[in-house]
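Sequence positions in the sequence shown follow my numbering and run 936 to 1106.
Ideal placement from N, C-alpha and C gives every residue a C-beta, glycine not left out.
Predicted, not measured: the structure shown is a model, and the values here were computed from it.
The next block holds one structure in the form of structure tokens; read it before the comments.
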Amino acid sequence: MVRKILSYPDPELKKISLAVEQIDDEVRQLAKDMAETMYAAPGVGLAAPQIGVLQRIVAIDTSAKDEPADLIVAINPEIIYAEGECCEEEGCLSVPEYYADVKRHTKVIIKGLSIDGEEQQWEAEGLLAVAFQHEIDHLDGILFVDHISPLKRGIFRRKYKKIMMDKGSQE
Ligand code: NI
């Protein structure tokens, strides 16, 4: 089921998500819904708090359009190693129509649980590394716009207000 994606400045997006204690049917359904919601948007990543569920689950698929789908669902993901520094333009399904460069690590290793409850590690570089860092941030109530400079954030707030007003008048 495709769920509604919360938009900034929804207060839920600022909250810290809780670790998943047990992977039961509810969690499996949630992960399925997250993947469907992400693909429908479409986006390359989605964290559970973006659909209003404060649990530490992320769904990511950074495969190119002409490649087969490559869904990653990571439960309780944690960055255990990071190196390098890059700056790529990012967007977010919860911050429609706004993009900004964000400084991230170029390579990360993540540990967490798969949807089957198996301990797993993901080695990520490039876009996948950025996606992991962006989605894990969501679990701690951090949005990519929290990483931009105060000056840029002021510009963002004004631009975004207009974007949301335009969106409102279209509906
Ligand atoms: Ni996001």
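Give the range of the beta strand (DSSP E) segment to which residue i is assigned.
i, result
"residue 1007", "1007–1018"
"residue 1065", "Element bounds for residue 1065: not the beta strand (DSSP E) but the alpha helix (DSSP H), 1061–1074."
"residue 981", "980–982"
Find the nearest neighbour of residue i within the set the options, judged by alpha-carbon distance.
i, options, result
"residue 1021", "1089, 938 and 1063", "1063"
"residue 988", "1026, 940 and 1006", "940"
"residue 986", "1032, 967 and 1049", "967"
"residue 958", "937, 991, 942 and 973", "991"
"residue 1004", "1096, 945, 1051 and 979", "979"
"residue 1103", "942, 1061 and 998", "942"
"residue 1094", "1032, 1050 and 1070", "1032"
"residue 1059", "956, 953, 976 and 1017", "1017"
"residue 1044", "1051, 1061 and 1030", "1061"
"residue 1000", "1019, 1013 and 977", "977"
Since residue i contacts residue j with CB under 8 Å, what's their CB separation in whole angstroms?
i, j, result
"residue 1034", "residue 1025", "7 Å"
"residue 1046", "residue 1015", "5 Å"
"residue 995", "residue 1037", "16 Å between Cβ atoms; not a contact."
"residue 1028", "residue 981", "6 Å"
"residue 983", "residue 969", "6 Å"
"residue 1065", "residue 1039", "5 Å"
"residue 975", "residue 1030", "Going by Cβ atoms, the distance from residue 975 to residue 1030 rounds to 18 Å, so no, they are not a contact pair."
In the DSSP output, which residue or residues are listed as bridge partners for residue i?
i, result
"residue 1030", "1027"
"residue 1054", "1048"
"residue 1039", "1021"
"residue 953", "990"
Over the uninterrupted alpha helix (DSSP H) stretch that includes residue i, give me the two end residues.
i, result
"residue 994", "No alpha helix (DSSP H) contains residue 994, which is instead part of the beta strand (DSSP E) from 992–995."
"residue 975", "960–975"
For ligand 3, any of its heavy atoms closer than 6 Å to the Cβ of residue i?
i, result
"residue 1027", "With respect to small molecules bound, the structure shown includes ligand 1 and not ligand 3."
*asked:* I'd like to know if the stretch 941–953 and the stretch 1074–1083 are in contact, where contact means that at least 3 CB-CB pairs between them fall below 8 Å.
replied: Yes, they touch.
_Three or more C-beta pairs below 8 Å linking the stretch 1003–1012 and the stretch 1053–1073_ = The stretch 1003–1012 makes contact with the stretch 1053–1073: 3 or more CB pairs, one atom from each, lie closer than 8 Å.
*Would you check if there are 3 or more beta carbon pairs closer than 8 Å linking the stretch 1089–1100 to the stretch 953–965?*
Taking 8 Å as the limit for Cβ pairs, the verdict is that the stretch 953–965 does not touch the stretch 1089–1100.
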